[in-house]
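*Asks:* In my numbering, the protein residues as written are 38 to 451.
The beta-carbon is built from N, C-alpha and C at its ideal position, and this holds for glycine as well.
1) Check residue 247 in the structure and name its three-state DSSP category.
2) How big is the Cα-Cα spacing for residue 154 and residue 166?
3) Whole angstroms are fine: how far does the CA of residue 197 sit from the CA of residue 179?
4) When every heavy atom of the ligand FAD is checked, does at least one fall within less than 8 Å of the C-beta of residue 407?
5) Just mark residue 201 as buried or exposed, buried being the case when its beta carbon has 16 or more other beta carbons within 10 Å.
6) Looking only at its chain, what residues have a beta carbon closer than 8 Å to the beta carbon of residue 327, apart from the 5 residues adjacent to it on each side?
7) Would a C-beta distance cut-off of 9 Å place residue 216 and residue 182 closer than the cut-off?
8) Please report the distance separating the alpha-carbon of residue 257 from that of residue 401.
9) Starting from residue 190 and walking both ways along the beta strand (DSSP E), at which residues does that stretch end?
10) So, does the region 259–275 touch the region 327–338, judging by three or more C-beta pairs under 8 Å?
11) Between which two residues does the beta strand (DSSP E) holding residue 323 run?
12) Suppose you measure from the CA of residue 435 to the CA of residue 324; what does that come to, to the nearest Å?
13) Rounded C-beta distance between residue 243 and residue 219? I'm assuming under 8 Å.
14) Check whether the region 183–195 touches the region 234–250, taking contact to mean three or more Cβ pairs, one atom from each stretch, closer than 8 Å.
15) Flag this pair as yes or no: are the beta carbons of residue 332 and residue 299 separated by less than 9 Å?
16) Measuring alpha carbon to alpha carbon, tell me which of 321, 368, 366 and 362 ends up nearest residue 345.
17) Around the Cβ of residue 430, are there at least 16 other Cβ atoms within 10 angstroms (buried) or fewer (exposed)?
18) For the alpha helix (DSSP H) that contains residue 376, what are its first and last residues?
19) Going by DSSP, what residue range makes up the beta strand (DSSP E) through residue 180?
20) What do you reckon, are the CB atoms on residue 283 and residue 382 nearer than 9 Å?
21) Taking the alpha-carbon of residue 357 as reference, which of 169, 403, 420 and 444 has the nearest alpha-carbon?
22) DSSP state of residue 455, grouped into three classes?
23) Identify whether residue 447 lies in helix, strand or coil by the three-state DSSP scheme.
24) Would you mind working out which of 175, 195 and 169 sits nearest residue 411, comparing C-alpha positions?
25) Which residue marks the beginning of the beta strand (DSSP E) containing residue 203, and which one marks its end?
26) Which of the three DSSP states is assigned to residue 292 in this structure?
27) Do residue 314 and residue 276 have their C-beta atoms within less than 9 Å of each other?
28) Identify the residues that DSSP records as bridge partners of residue 311: which are they?
29) For residue 398, count neighbouring C-beta atoms within 10 Å of its own C-beta (all shown protein chains included) and say buried if the count is 16 or more, exposed if not.
30) Determine the DSSP secondary structure at residue 336, reduced to helix, strand or coil.
31) According to DSSP, simplified to helix, strand and coil, what is residue 368?
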């Protein structure tokens, strides 16, 4: 339900003075997938005591199909459009108009092409990286390669972790844009580590929509030149690394795109325990986001984006349940550690990557071929690189309508 203060202010605008953009936004808020504004994200339930067992009930809603769940109440749905817009509490038209204009511009900016968005602000640094896309999104063949100065690079190994000399700004590679479901990731095994969609039993993987969430809550991706070493057990989580680059959740207002390299500041970190492996989730914000100057540590996130951290915890806890798996667990009872703790984890994973790329740690099936790391024995010169397929700007392939289903899970916040 759209219940945050910012959205309530937006709903107050019903007069004829509101522009056509407001009507467009009205339509999008009513009929678009349930993209939750950060200020309106819900809090998860009170944690169960150690002797309690969660009894999850999953219901499914899909357009055009009957809903079935004994535990679901129709009151969970938003009110009708007429009552939604005629509430006596919707009074401040000028504030609503301003807020609507802001969000309309944001939505328009978010849907622009990478080239258009990169030139939208004079203070945003132009990215030196370009993309080479192969095959259509939502297909097994789809790949996104990164290039710099016309030469292919590895997003895992060739993009610097730190974006400034002081090491206060970091580079992040966006794998999965916010509100999307396709589980894209840097391919550890393939030469130059292109981004591709993960598979299971030969089929593309998508995350399910667990009410009230739609897809991923953030721009989700990874830090380059980091590695969660599967040979090392962390002393506090008591679990080994997951053999992946360090995962990142970027909480800024703009929706990113796959392959985008964002300059971010670190705010905190959560420790997910996924199948007996430590899977760190670093919370960051794009340095160009309007809120970036106000967010400097994890407590600032709760102050300015109340509910977001709790919703993040819930999302990671329940997102595998619709696929028949148990809820995930967290180290530190789900606490999000502060910026300094997160920077220490990043430093540890950077050192682990250094061991990997220099050959001091076993690579296993991880491809450590690169084009820029001078001390790496696996550095390739341009003439050693195999030719890549030509760039293809193709529309996404159609996906099954079941991806849009909503799963209602007993024990999740509503």
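*Replies:* Short version:
1) Within the chain shown, numbered from 1, the residue matching residue 247 stands at position 210. Residue 247 falls in the strand class under three-state DSSP.
2) Looking up residue 154 in the chain shown gives position 117. Looking up residue 166 in the chain shown gives position 129. Note on residue 154: pLDDT 38, under 50, position unreliable in the model; no value is reported.
3) Locating residue 179 in the chain shown gives position 142, counting from the first residue. Locating residue 197 in the chain shown gives position 160, counting from the first residue. When rounded, the distance between both Cα atoms is 25 Å.
4) As presented, the structure is devoid of all ligands, the ligand FAD included, so that no description of it is given.
5) Sequence index remark: in the chain shown, residue 201 carries index 164 (1-based). That one is exposed.
6) To locate residue 327, count along the chain shown from 1; it is residue 290. 290, listed in sequence order.
7) For the purposes of this step, residue 216 is taken as the residue at position 179 of the chain shown. For the purposes of this step, residue 182 is taken as the residue at position 145 of the chain shown. Cβ distance not < 9 Å, so residue 216 and residue 182 don't count as in contact.
8) Position 220 of the chain shown, counted from the start, is the residue given in the question as residue 257. Position 364 of the chain shown, counted from the start, is the residue given in the question as residue 401. It is roughly 25 Å from the alpha-carbon of residue 257 to the alpha-carbon of residue 401.
9) Here residue 190 refers to the residue found at position 153 of the chain shown. 188–190 is the extent of the beta strand (DSSP E) around residue 190.
10) Fewer than three beta-carbon pairs drawn from the region 259–275 and the region 327–338 are found closer than 8 Å, and the two stretches are therefore not classed as touching.
11) In the chain shown, the residue the question calls residue 323 occupies position 286. Looking at the DSSP string, the run of the beta strand (DSSP E) that includes residue 323 is 314–323.
12) Within the chain shown, residue 435 is the residue found at index 398, counting from 1. Within the chain shown, residue 324 is the residue found at index 287, counting from 1. Within the model, the alpha-carbon separation for residue 435 versus residue 324 is close to 34 Å.
13) Taking the chain shown and counting its residues from 1, one reaches residue 243 at position 206. Taking the chain shown and counting its residues from 1, one reaches residue 219 at position 182. Right, the Cβ-Cβ distance comes to about 6 Å (below 8 Å), so this counts as a contact.
14) Counting Cβ pairs under 8 Å, fewer than three are found: no touch.
15) Taking the first residue of the chain shown as position 1, residue 332 is located at position 295. Taking the first residue of the chain shown as position 1, residue 299 is located at position 262. Annotated as distal: residue 332 and residue 299, with beta-carbon spacing of 9 Å or more.
16) By one-based count along the chain shown, residue 345 stands at place 308. For the residues 321, 368, 366 and 362, the minimum Cα distance to residue 345 belongs to 321.
17) Locating residue 430 in the chain shown gives position 393, counting from the first residue. Of the other Cβ atoms in all chains shown, fewer than 16 fall within 10 Å of the Cβ of residue 430; this residue is therefore exposed.
18) Your numbering for residue 376 matches position 339 in the chain shown. Segment 376–394, the alpha helix (DSSP H) holding residue 376.
19) Here residue 180 corresponds to residue number 143 of the chain shown, with the count starting at 1. Per DSSP, residue 180 belongs to the beta strand (DSSP E) from 180–185.
20) The residue you call residue 283 lines up with position 246 of the chain shown. The residue you call residue 382 lines up with position 345 of the chain shown. When the beta-carbon positions are compared, residue 283 and residue 382 come within less than 9 Å of each other.
21) The residue you call residue 357 lines up with position 320 of the chain shown. For the residues 169, 403, 420 and 444, the minimum Cα distance to residue 357 belongs to 444.
22) Coverage of the chain is limited to positions 38 through 451, which leaves residue 455 absent and any answer about it impossible.
23) To locate residue 447, count along the chain shown from 1; it is residue 410. Residue 447: strand per DSSP, three-state reduction.
24) Start at 1 with the first residue of the chain shown, and residue 411 comes out as number 374. Looking at the Cα atoms, 195 is the closest of the given residues.
25) By one-based count along the chain shown, residue 203 stands at place 166. Residue 203 -> no beta strand (DSSP E), and no H or E assigned at all.
26) The count along the chain shown starts at 1 and reaches residue 292 at position 255. Collapsing the DSSP output to three states places residue 292 in coil.
27) In the chain shown, counting from the first residue as 1, residue 314 sits at position 277. In the chain shown, counting from the first residue as 1, residue 276 sits at position 239. Their beta carbons are under 9 Å apart, which means residue 314 touches residue 276 by this criterion.
28) Numbered from 1 along the chain shown, position 274 holds the residue referred to as residue 311. Note: residue 311 sits in a beta bridge opposite 314.
29) Translated into the one-based positions of the chain shown, residue 398 becomes position 361. Residue 398 sits buried, since 16 or more C-beta atoms from the chains shown fall within 10 Å of its C-beta.
30) Counted from its first residue, the chain shown places residue 336 at position 299. Residue 336 falls in the helix class under three-state DSSP.
31) Mapped onto the chain shown, residue 368 falls at position 331. Residue state, collapsed to three classes: helix.
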